[in-house]
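> Read in order, the letters of the sequence shown are residues 57 to 346 in my numbering.
Have a look at the structure that comes next, please.
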Amino acid sequence: MERFLLYGSFAGFGWLVLLTVYYAALRKRRAVFSMVASFGVAAVVTVWTAAVFLAFAGVSHLVYGVPEASVGTVVVVVVAAYVVSVGELTALFFINQWTVRRLVRRYRALTDRDLTENLKERVDVEALADEFDIGEIEVLVVDDAEANAHSMALARPSLFSPKLGKEVLVVKRPLVDVLGDDELEAVLAHEFAHIEELDARFRPYFEVLATVYFFDPVVGVTRRYMRRLQEYGADDRAAEVTGDPRALARALVKVSEHESDAGRRFEIKERAQRLVGRARDGQETYRRKA
């Protein structure tokens, strides 16, 4: 059993290292950082699992007279905890895909086809998507009161590359109603940037772990830092492609007005302030290339 767990831990570690090197070769910087962060989170999970076992073993020894755990037993528990934590990333990926497929079926039923066509007339979605290293895109405008846009990934298997997956970009109706054409284009570019860097593959992993290990400040800080890194990176990439960061800033301000959570509203406005003044005359954008 010990040998099996040891081999499993080496295999899991090797799998994560290879995946990290692969993302580095693709120049997916945020994906590489997500993988490095996952190593740290896996270490935290391992420590907590070992601590719980040692505490349980200590109580059992004091109360029931159970023999103390040997060093070999502790090592086996630590290695087993590490194997479990390494497997969580892959497991959560498949769980996320199952959840996303259910949501996509629901959103397709709510799709407003007239609004979807209107969006495509206002923004050249295909030309915009061509500026990003992404695969097939399906854009849906749904009749929903919440004013935001988000992308959901359908894997084939998109864990390895954004070009191998089919992406579904869901845009809520109020967003189409309140944003101007340039602002709507900037929001789509922001979402395409998330898809390009595989952000949707890793965010559920950190969100779930932060919920389970809510008492651990390291996991919480990692989740918040990853969210900020992803959002700032997508903002910068969208501004680079469209050449108009102020359009995205205006869109963020309008989106924040529909946000009920005060913390989230502050975060969105902070991103808008960061974007103001970043425009550069003469910057080459996909429109000027065309």
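Virtual Cβ for every residue (Gly too), placed ideally from N, Cα, C.
Given the structure is predicted, the values throughout are model-derived calculations rather than measurements.
Name the DSSP beta bridge partners of VAL198, please?
The partner list for VAL198 (beta bridge, DSSP) reads THR167, LYS228.
> For the candidate residues VAL108, MET91, VAL100, ALA307, whose alpha-carbon lies nearest to that of THR76?
Among VAL108, MET91, VAL100, ALA307, the Cα nearest to that of THR76 belongs to MET91.
> For the putative contact between VAL198 and LEU166, defined by C-beta atoms under 8 Å, what is the C-beta separation to the nearest angstrom?
That pair is a contact at about 4 Å.
> Using only the alpha-carbon positions, how far apart do GLU313 and TRP104 sit?
GLU313 and TRP104: Cα-Cα distance of roughly 40 Å.
> With DSSP collapsed to three states, give me the class of GLU223.
In the structure shown, GLU223 sits in a strand (DSSP, three-state: E or B).
> Just to confirm the assignment, what range does the alpha helix (DSSP H) spanning PHE322 have?
Here the alpha helix (DSSP H) through PHE322 covers 318-331.
> For VAL179, which residues of its own chain have a beta-carbon under 7 Å away from its beta-carbon, when the five flanking residues on both sides are left out?
Result list for VAL179: ASP237, LEU240, GLU241, LEU244, in chain order.
> With respect to the alpha helix (DSSP H) encompassing ILE251, which residues constitute its N-terminal and C-terminal limits?
First-last of the alpha helix (DSSP H) with ILE251: 237-252.
> Under 6 Å Cβ to Cβ from PHE109, same chain only, skipping five residues before and after it: list those, please.
Excluding sequence neighbours, PHE109 sits near VAL133.
> Looking at the secondary structure, which residues open and close the alpha helix (DSSP H) in which GLY289 lies?
Where GLY289 is concerned, the enclosing alpha helix (DSSP H) stretches over 273-298.
> Could I get the ranges of all uninterrupted alpha helix (DSSP H) runs contained in the region 79-112, with 4 residues as the minimum, in chain order?
Counting whole runs of 4 or more residues, the region 79-112 contains no alpha helix (DSSP H) stretch at all.
> Is the distance from the Cβ of ASP186 to the Cβ of HIS246 below 8 Å?
No.
> In or out: PHE188 buried (at least 16 other Cβ within 10 Å) or exposed?
Label assigned to PHE188: buried.
> Spatial neighbours of PHE270 within its chain, please: C-beta separation below 8 Å, excluding the five flanking residues on both sides.
Within the same chain, PHE270 has close Cβ partners GLY276.
> Leaving aside the five residues before and after VAL332 along the sequence, list all residues of the same chain whose C-beta is less than 6 Å from its C-beta, in chain order.
Taken in chain order, the residues that qualify are ALA305.
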